Amino acid sequence: MGTKNQELHIAFFPFMAQGHIIPFMDLAKLFVSRGLKATIITTSPDAPSIQTKLQNYSSSQIQIFTIKVPTADVGLPENCQSLHCATTPEMHLQFLTATGLLGPQIQQFFQRKKPNCLVADMFFPWATDLGSEFGIPVLLFQGIGYFPLCAILCVHLYKPHLYVSSDSDPFVIPNLPGAIELTRKKLPDFVTNGEENVFTKLLGEGVKAQKQSYGVLVNSFYELEAAYADHYRNDLGIRAWHVGPLYLANERLVEENKSSIEEQHECIKWLDLKKPSSVIYVCFGSLATFVDAQLLEIAEGLEASEQNFIWVVKKQVGEDGWLPEGFEKRVEGRGLVVRGWAPQVKILSHAAVGGFVTHCGWNSTLEAVAAGVPMVTWPIFAEQFYNEKLITQVLGIGVCVGAKEWMRVVRESVRRDEIEKAVRRAMVGEEAEEIRTRARVYGELARRAVEVMGSSSEDLDALIHELLSYDIAQEL
Ligand code: UDP
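Structure representation (structure tokens):
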């Protein structure tokens, strides 16, 4: 199979934002690890940082193909080539519109490079039709698991939120195993307000494209959500392959550990001094923002919980008005506030970490699962309220903090006593022990899934086998 694999060339086409590019690179490396050739399609401002992360690969293994988003055509500056340059919600929509105009450049790419398969971001559902024109199978990738994929699809198809009389009336998501109950308040605003724009149009097209494409790649593993993997494939009728947890599969952690042994982050040294499972790690991903009043509640809640903690806050050093007076002095030795960015994967895999207050972003969720760490769930936006249900109700590896409403910026909405209570529930006592035992089992299953003969490894091999057969069939 090895030699044949080398004849396959897979192109990867992520949306122009770090949160999309990182898992796409993991994916590309995974295919390369099986002997395939990869090309990453990206814009020139993002190309150098991608190139830096490809130092261990030769150009015959992974290449970069640069394209230019025609942003000037939609009224954005020509050099706005990445989502982060679009600084307002209106500009985000303009940027999305501009990426919809990339078809001709992808056509040129198909003609010049003739890939055997394209893996496109779910934000580029139009790539599916383009692939059909050129006889190139297109796989879609959104970087989330089966459970949220099924939940999004079922809410989109059956619109249960239209049949309840108030925002807080519960409804069960139809045709989704497990009697998953939600309220309208916990759904994204773009689902409930009925507004039509380029984003909602894309989501609708994405739903259709999942069926029309060659299939969907899922960043998950079978044992984590077997019922939902089966439901997605057998009942909702979408061809899909699970290849995750991606960061485990391509050993990003091992690489990162090797590269930074000398420059250990302060919090790793701090954790080294703590007892096993005695620290709760608090971090809400890369995008969520909080009003200061809510940060104050978190500080008070953590202090009252009497647990050790590391709390990552997206604030700069010196920008400290949001902290209660004397807070860091009072919690000195048992609490560490990290400003900016923390090495999350390393923190979660440290033996001293015994819990994780998370916004339930899919990457954070998978990272906690793989590390066998129980979660305190505090969903905020995107598909995070669905992920909370998977963590707490389906898997039983977390407790809810009590977030009740989907929001773009976190207003003062969860009280200090709720935070204190949830942290204690996850960290101490009989319930915490039960949750921890279950979480550790899933951690072990995650590691096995990416090993030889593991469920994700096998699914990837099956996909590659199919692509090889597809290619041979095309040549006949
Ligand atoms: N992350 C990190 N350090 C931080 C904040 C986030 O390493 O201080 C990483 C985290 O490990 C995860 C990603 O950023 O891989 C966040 O992705 P997720 O899907 O959880 O949430 P998002 O940022 O998309 O809301």
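Throughout the sequence shown, residue numbering follows my numbering, covering 22 to 497 in sequence. From the three backbone atoms N, C-alpha and C, an ideal C-beta is built for every residue, glycine too. Since this is a predicted model, take the numbers as computed values, not measurements.
Let me know the secondary structure DSSP gives residue i once reduced to three states.
i: Glu210; result: For the record, residue 210 in the displayed sequence is Asp; it is not Glu. In the structure shown, Asp210 sits in a helix (DSSP, three-state: H, G or I).
i: Gly40; result: helix
i: Met474; result: coil
i: Gln495; result: helix
i: Leu160; result: strand
i: Arg360; result: strand
i: Gln27; result: coil
i: Leu274; result: Low confidence applies here, because Leu274 scores a pLDDT of 47, under 50, leaving its location unreliable; read the following figure in that light. Helix at Leu274.
i: Asp455; result: The question names Asp, but residue 455 in the sequence shown is Glu. Here Glu455 sits in helix by DSSP.
i: Thr118; result: helix
i: Leu197; result: coil
i: Gly376; result: strand
i: Gly347; result: coil
i: Ala403; result: coil
i: Ile165; result: coil
i: Asp256; result: helix
i: Ser490; result: helix
i: Leu481; result: helix
Residue i: beta carbon under 7 Å from a heavy atom of ligand 1?
i: Cys288; result: no
i: Val333; result: yes
i: Ser65; result: no
i: Leu357; result: no
i: Asn240; result: no
i: Ala309; result: yes
i: His113; result: no
i: Cys171; result: no
i: Asp383; result: One point to set straight first is that residue 383 is Trp, not Asp, in the sequence displayed. Yes, since a heavy atom of ligand 1 falls inside the 7 Å radius drawn around the Cβ of Trp383.
i: His380; result: yes
i: Glu409; result: no
i: Cys101; result: no
i: Cys138; result: no
i: Gly306; result: yes
i: Gly40; result: yes
i: Glu388; result: yes
I'd like the list of long-range same chain contacts for residue i, defined as Cβ closer than 8 Å, with 5 residues on each side in sequence excluded.
i: Thr64; result: Met37, Thr87, Ile88, Lys89, Val90, Gln102 and Ser103
i: Ser385; result: Cys304, Gly306, Gln365, Phe377 and Thr379
i: His105; result: Ala38 and Gln39
i: Val471; result: Phe242, Gly265, Pro266, Leu269, Ala270, Ser477 and Ser478
i: Ile282; result: The pLDDT assigned to Ile282 is 49, lower than 50, so where the model puts this residue is not dependable; a value taken from the coordinates is nonetheless given after this. Counting only Cβ-Cβ distances below 8 Å, and skipping sequence neighbours, we find nothing.
Take residue i and list the residues in its own chain whose beta-carbon comes closer than 6 Å to its own, dropping the five residues that flank it on each side.
i: Val338; result: Arg360
i: Ala250; result: Tyr167 and Tyr243
i: Val390; result: Tyr463 and Ala467
i: Phe377; result: Tyr302, Ala389, Val394 and Met396
i: Phe155; result: Phe131
i: Gly417; result: Arg459
i: Glu321; result: Arg437
i: Gly3; result: As displayed, the chain neither begins before 22 nor continues past 497, which places residue 3 out of reach and without an answer.
Between the options, which lies nearest to residue i when the distance is taken from Cα to Cα?
i: Val140; options: Lys290, Pro44, Gly56 and Leu224; result: Pro44
i: Phe52; options: Asp480, Tyr167 and Pro195; result: Asp480
i: Phe242; options: Ala200, Ala270, Thr221 and Gly227; result: Ala270
i: Ala148; options: Ala403, Leu75 and Ala32; result: Ala32
i: Thr398; options: Pro364, Met428, Val366 and Ile440; result: Ile440
i: Glu28; options: Phe130, Gly156, Cys138 and Gly40; result: Cys138
i: Pro195; options: Asp188, Val212 and Ile173; result: Ile173
i: Cys421; options: Pro66, Asn329, Val435 and Lys135; result: Val435
i: Ile83; options: Ile61, His182, Gly199 and Thr73; result: Ile61
i: Ile165; options: Leu223, Gly265, Gly225 and Glu111; result: Gly265
i: Leu114; options: Ile127, Asn100 and Gly96; result: Gly96
i: Asn408; options: Leu208, Glu472 and Arg254; result: Leu208
i: Arg355; options: Pro181, Ala494, Asp341 and Val374; result: Val374
i: Pro181; options: Gly423, Thr204 and Cys171; result: Thr204
i: Lys367; options: Gly342, Ile401, Asp293 and Glu404; result: Asp293
i: Val159; options: Gln233, Glu202, Asp94 and Gly225; result: Gln233
i: Ala403; options: Leu224, Thr108 and Arg133; result: Leu224
With hydrogens ignored, establish whether the beta-carbon of residue i is closer than 7 Å to any heavy atom of ligand 2.
i: Pro364; result: No copy of ligand 2 appears in this structure; the ligands present are ligand 1.
Per DSSP, what are the beta-bridge partners of residue i in this structure?
i: Trp262; result: Leu238
i: Gln84; result: Thr60
i: Ala32; result: Thr60 and Leu139
i: Glu202; result: Val193
i: Ile301; result: Phe330 and Gly376
i: Met396; result: Phe377 and Gly419
i: Thr310; result: Val430
I'd like to know if residue i contacts chain B, where contact means its C-beta is closer than 8 Å to some C-beta of that chain.
i: Ala200; result: Absence of chain B from the displayed structure is noted, only one protein chain being present.
Leaving aside the five residues before and after residue i along the sequence, list all residues of the same chain whose C-beta is less than 7 Å from its C-beta, in chain order.
i: Leu151; result: Gly124, Ile127 and Gln128
i: Phe220; result: Leu114, Leu117 and Phe211
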